[in-house]
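Just so you know, we're using our numbering here: the sequence shown kicks off at 21 and counts up by one. By construction, the Cβ of each residue, glycine as well, lies at the ideal position given by its N, Cα and C atoms. A short worksheet on the structure shown next.
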Amino acid sequence: MEEYASFGEWIRRRRKVLDLTQRDLADRVGCAIVTIKKIEADERRPSRQVAERIADCLDIPPDKRDQFVQCARGQTAVVRL
């Protein structure tokens, strides 16, 4: 699996693939746009609950959800899901 520089970078790229703005993603997740900005800038790690909502919004397959949340929480390396 290809490794990415950071979780925030991965989120930004995936969001753009899905043609979502930061505001779109924030609205779908139910958080402030500044939260998405900080996550993408690697200034903040999402809580488990926010990571799970982001996974829903970014269409992460069910069999990859645990890996996604672990990456979001900084528990594993960031890899292409």
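For Lys57, the enclosing alpha helix (DSSP H) stretches over residues Ile53 to Glu60.
Glu72 is positioned such that its CB atom lies closer than 8 Å to that of Val89.
Take Val70, set aside five residues on each side of it, and the residues of its chain with a beta-carbon closer than 7 Å to its own are Val49 and Cys51, in chain order. Residue burial annotation: Thr41 is exposed, with fewer than 16 other C-beta atoms found within 10 angstroms of its C-beta.
If you draw a straight line from the Cα of Arg32 to the Cα of Glu60, it comes to about 6 Å. Straight-line measurement puts the Cα of Leu38 at about 22 Å from the Cα of Arg68. Per DSSP, the unbroken alpha helix (DSSP H) holding Gln69 starts and ends at Arg68 to Cys77.
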